[in-house]
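Chemist: Okay, handing you the structure first.
In UniProt numbering, the protein residues as written are 1 to 371.
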């Protein structure tokens, strides 16, 4: 009988919706809680575990105590085996994650399913590089690494395929992380920390994030000019992170957060680096639109880097008021694959699925499917 290891980082992603762009470090975690952040990674982990319930009698589930896996597994109807690990519930650390992985290695698990962000992947890689195959359940703010599934449910589906022998091949996935302090100052400093093996599944496992291609400045400026020309009066435009969207604010001669959510109305800046709560207050009873770009190499429009644009906000703004902007090279970079949505709520993902008109230049569009 195969063994599945399961590790949950209970604080992963807590800094996202409150505008902190990460959860690394005790002081940042305290600030996130102060701003009203609540843990969400367990719910995402349970979406993955739900895909495994139909075969739960065919493998052993080994997990860490309390909120590092045990609680979520029990709530999803599993009878997990608990690794011997002393942790403080509600106050877990990166060292706890690394110690849990060491125990998983001792238990010789066949696959490690973990929930977190790039920091979690980095911690696991320190202990597990190229030993146990892994699948990451995306639950963090920063998810650049190519060891994560495209959404939580697909993480569980990929694990199910691997455990049942429908996927036998593995490939090396890059583990990337960025400097959060620099990130909060609108600087992206990414570093490769290693590789881990992941089940080879191009449909369910995400690729590595790529940077903007050279020579795109004029294209991005043309996109910005077109958006500004089409802006409607008394409408709030929520402008997502990225250099493509930042060009809109630059063209309006307005300051830009770059890695956060800014709001413009009647060509004036009315909010900078907004949290989910601030956005909900700002758009209450008002007409609003969302402008997002595509994450190069991966194809995400929601769920990576913009958790402040939560499922609740998307439902208020509505699908028809979502605008996607991107140089054509970003679409070329993901081939014929669909754009990706990971809002955190399966019903919202389904609501958002369908075809979108991607703005790729001045009065230039390409129709692309999102799912």
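Every residue gets a Cβ at the ideal spot worked out from N, C-alpha and C, and that includes glycine.
In this text the structure is predicted, and so the values were computed from the model without any measurement.
1) Within this structure, are the beta carbons of residue 143 and residue 118 separated by less than 8 Å?
2) How would you write the range of the beta strand (DSSP E) that residue 369 sits in, first residue to last?
3) For the region 266-280 against the region 332-342, are there 3 or more C-beta pairs whose distance is under 8 Å?
4) Could I get the ranges of all uninterrupted beta strand (DSSP E) runs contained in the region 28-106, with 3 residues as the minimum, in chain order?
5) On the three-state DSSP scale, how would you describe residue 111?
6) Can you pull the DSSP bridge partners for residue 136?
7) So which of 310, 106, 72 and 54 has the shortest CA-CA distance to residue 9?
8) Could you give the distance in angstroms between the alpha-carbon of residue 227 and the alpha-carbon of residue 178?
9) Quick one: what's residue 372 bridged to in DSSP?
10) Taking the alpha helix (DSSP H) that residue 244 belongs to, which residues open and close that run?
11) Rounded to whole angstroms, what is the Cα-Cα separation between residue 76 and residue 51?
12) Out of 322, 337, 369 and 310, point me to the one whose CA is closest to residue 347's CA.
13) Rounded to the nearest angstrom, what separates residue 286 and residue 65 at their Cα positions?
14) With the cut-off set at 8 Å, would you say residue 263 and residue 247 are in Cβ contact?
15) So, using beta-carbon positions, are residue 317 and residue 245 closer together than 8 Å?
16) Which one or two residues does DSSP pair with residue 345 in a beta bridge?
17) Note down, in chain order, each residue of its chain lying with its Cβ closer than 8 Å to the Cβ of residue 81, except the 5 sequence neighbours on either side.
18) Look at the Cβ atom of residue 7, then the Cβ atom of residue 114, and state whether they are nearer than 8 Å.
19) Residue 111 and residue 5 - do their beta-carbons sit closer together than 8 Å?
20) On the criterion of 16 or more Cβ atoms from any shown chain inside 10 Å, does residue 88 qualify as buried, or is it exposed?
21) Under the three-state reduction of DSSP, which class applies to residue 197: helix, strand or coil?
22) If residue 313 sits next to residue 352, beta carbons under 8 Å apart, how far is it from one beta carbon to the other, in whole angstroms?
23) May I ask you to list the residues that DSSP assigns as paired with residue 376?
24) State yes or no: is the C-beta of residue 139 within less than 8 Å of the C-beta of residue 44?
25) Residue 154 to residue 237, Cα distance in whole Å?
26) By the 10 Å Cβ neighbour count, where 16 or more other Cβ atoms means buried, how is residue 131 classified, buried or exposed?
27) Taking the alpha-carbon of residue 199 as reference, which of 164, 232, 338 and 354 has the nearest alpha-carbon?
28) How many Å lie between residue 342 and residue 47 at the Cα?
Modeler: Quick answer:
1) By 1-based counting over the chain shown, the position of residue 143 is 143. By 1-based counting over the chain shown, the position of residue 118 is 118. Closer than 8 Å, so yes.
2) Along the chain shown, one-based indexing puts residue 369 at 369. That run of the beta strand (DSSP E) goes 364-370.
3) no
4) If we require 3 residues or more, the beta strand (DSSP E) runs fully inside the region 28-106 come out as 59-63.
5) Here residue 111 refers to the residue found at position 111 of the chain shown. Correct three-state label for residue 111: strand.
6) By one-based count along the chain shown, residue 136 stands at place 136. In the DSSP output, where bridge partners are listed per residue, residue 136 has 114 and 148.
7) Stepping through the chain shown from its first residue, residue 9 is reached at position 9. Selected option, being the one with the closest Cα: 72.
8) Your numbering for residue 227 matches position 227 in the chain shown. Your numbering for residue 178 matches position 178 in the chain shown. Going from the Cα of residue 227 to the Cα of residue 178 covers about 31 Å.
9) The structure shown does not extend to residue 372, since the chain spans only 1 to 371, so no value can be given for it.
10) Walking along the chain shown from the start, residue 244 turns up at place 244. Segment 243-251, the alpha helix (DSSP H) holding residue 244.
11) Taking the chain shown and counting its residues from 1, one reaches residue 76 at position 76. Taking the chain shown and counting its residues from 1, one reaches residue 51 at position 51. Between the C-alpha atoms of residue 76 and residue 51 there is a straight-line separation of about 10 Å.
12) Position 347 of the chain shown, counted from the start, is the residue given in the question as residue 347. When each option's Cα is compared against that of residue 347, the closest is 310.
13) For the purposes of this step, residue 286 is taken as the residue at position 286 of the chain shown. For the purposes of this step, residue 65 is taken as the residue at position 65 of the chain shown. Cα to Cα, residue 286 sits roughly 46 Å from residue 65.
14) As a position in the chain shown, residue 263 is number 263, starting the count at 1. As a position in the chain shown, residue 247 is number 247, starting the count at 1. Cβ distance not < 8 Å, so residue 263 and residue 247 don't count as in contact.
15) What you label residue 317 is simply residue 317 of the chain shown in a count that begins at 1. What you label residue 245 is simply residue 245 of the chain shown in a count that begins at 1. It is not a contact, given that the beta carbons lie outside the stated cut-off.
16) By 1-based counting over the chain shown, the position of residue 345 is 345. Per DSSP, none; premise fails for residue 345.
17) The residue you call residue 81 lines up with position 81 of the chain shown. Closer than 8 Å at Cβ, skipping near neighbours: 60, 61, 62 and 63.
18) Sequence index remark: in the chain shown, residue 7 carries index 7 (1-based). Sequence index remark: in the chain shown, residue 114 carries index 114 (1-based). In contact: residue 7 and residue 114 (Cβ atoms closer than 8 Å).
19) For the purposes of this step, residue 5 is taken as residue 5 along the chain shown, with counting starting at 1. For the purposes of this step, residue 111 is taken as residue 111 along the chain shown, with counting starting at 1. In this structure, residue 5 sits near residue 111, with a CB-CB distance shorter than 8 Å.
20) The count along the chain shown starts at 1 and reaches residue 88 at position 88. So residue 88 counts as exposed.
21) For the purposes of this step, residue 197 is taken as the residue at position 197 of the chain shown. In this structure, residue 197 counts as strand in the three-state DSSP scheme.
22) Along the chain shown, one-based indexing puts residue 313 at 313. Along the chain shown, one-based indexing puts residue 352 at 352. Contact flag wrong, Cβ pair sits at about 12 Å.
23) The question about residue 376 has no answer, for the chain in this structure spans 1 to 371.
24) In the chain shown, counting from the first residue as 1, residue 139 sits at position 139. In the chain shown, counting from the first residue as 1, residue 44 sits at position 44. Contact: yes.
25) Here residue 154 refers to the residue found at position 154 of the chain shown. Here residue 237 refers to the residue found at position 237 of the chain shown. Inter-residue distance for residue 154 and residue 237 is about 32 Å (C-alpha atoms, whole angstroms).
26) Residue numbering aside, residue 131 sits at position 131 when the chain shown is read from its first letter. So residue 131 ends up on the exposed side.
27) Start at 1 with the first residue of the chain shown, and residue 199 comes out as number 199. Closest option to residue 199, Cα to Cα, is 164.
28) Position 342 of the chain shown, counted from the start, is the residue given in the question as residue 342. Position 47 of the chain shown, counted from the start, is the residue given in the question as residue 47. Distance between the alpha carbons of residue 342 and residue 47: 12 Å.
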